[in-house]
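Heads up: the structure comes next, in structure tokens.
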Amino acid sequence: MNYWLLKSEPSDYSIDDLQRDATEPWDGIRNYQVRNMIRDDIKVGDTCIFYHSNTDVIGCVGTMKIASEAYPDPTQFDSKSAHPDPKSDPENPRWLCMDVAFESKFKRTVTLAEIKSDPTFSDMRLVMKGNRLSVMPISKKHFQKISRLGSS
DNA sequence: GCCAACGTTGGC
DNA sequence: GCCAACGTTGGC
Numbered sequence: 090m091n092y093w094l095l096k097s098e099p100s101d102y103s104i105d106d107l108q109r110d111a112t113e114p115w116d117g118i119r120n121y122q123v124r125n126m127i128r129d130d131i132k133v134g135d136t137c138i139f140y141h142s143n144t145d146v147i148g149c150v151g152t153m154k155i156a157s158e159a160y161p162d163p164t165q166f167d168s169k170s171a172h173p174d175p176k177s178d179p180e181n182p183r184w185l186c187m188d189v190a191f192e193s194k195f196k197r198t199v200t201l202a203e204i205k206s207d208p209t210f211s212d213m214r215l216v217m218k219g220n221r222l223s224v225m226p227i228s229k230k231h232f233q234k235i236s237r238l239g240s241s
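With the first letter of the first sequence counted as 1, position 55 gets the number 144 in my numbering; the numbers rise by one all the way through.
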């Protein structure tokens, strides 16, 4: 099993929204590196950290599980969605998404500042320069440490 | 709201 | 294939 970190702006979709919905499509991904990870590497049952970006308290807020295989992201064909892609061919869709299932909400946010200041995380892609991927693999070690911090 | 660090697009 | 212009992400 692999571990991932998935970013979302809470004003768009938050951990509380996922707790309420239980399962939700993780859609709107429009980056080829991320698309390829979804297509090739992310498997049903993989565990993910839910990360809140672009907000007052930035950081890791809970965990979730991958709940489906990758499938074509319907929002790419919806002109009213946030990210329609008129160049995507319905016969050969460009963008994929997958369903995620709520697992847990942390007792507290494990903040980006905290992660940056802890040498345990110095080799984590999240804190390395120039990394803006909204989905990234993380090590089991980092996943377990973040889970432990969030549960305390 | 600013802007650095990307990624994408399209003219040539 | 190069690269300038433009768009996006996301921390601050």
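Built from N, CA and C at the ideal position, the CB exists for glycine as well.
For the candidate residues K194, N120, D130, D207, whose alpha-carbon lies nearest to that of W184?
N120
CB-CB length for A156 against V189, believed under 8 Å:
6 Å
Determine the extent of the alpha helix (DSSP H) in which Y102 is found, giving its start and end residues.
Segment: none, Y102 is in no alpha helix (DSSP H) and carries neither H nor E.
My assumption, with CB atoms under 8 Å, is that I235 sits in contact with I138. Please give the rounded CB distance.
6 Å
Contact set for Y92: own chain, Cβ-Cβ below 8 Å, skip 5 residues either direction
D135, T136, C137, I138, P226, I227, S228, K229, H231, F232
Euclidean distance between Cα positions of K218 and S211
11 Å
I'd like to know whether the C-beta atoms of R197 and G239 end up nearer to each other than 8 Å.
yes
Report the rounded CA-to-CA distance for H89 versus G117, giving the unit in angstroms.
Shown here, the chain extends from 90 to 241; a query on residue 89 therefore has no answer.
With a cut-off of 8 Å on the beta carbons, I'd call K194 and S142 a contact; round off their distance for me.
Contact flag wrong, Cβ pair sits at about 17 Å.
Based on Cα-Cα distance, which residue from S223, E192, V146, S170 lies nearest to A202?
V146
Using a Cβ-Cβ cutoff of less than 7 Å, which residues in the same chain neighbour R124 once the five nearest sequence positions on both sides are dropped?
I118, W184, L185
Apart from the five residues on each side of it in sequence, which residues of its chain come closer than 6 Å, Cβ to Cβ, to T112?
A156, D188, A190
Quick check: the Cα distance between R237 and L94, rounded to an integer number of angstroms?
15 Å
Counted within 10 angstroms of its Cβ, other Cβ atoms place V133 as buried (16 or more) or exposed
exposed
Determine the extent of the beta strand (DSSP E) in which G239 is found, giving its start and end residues.
Not the beta strand (DSSP E): G239 falls in the alpha helix (DSSP H), residues 229-240.
Status (buried if at least 16 other CB within 10 Å, exposed otherwise) for D162:
buried
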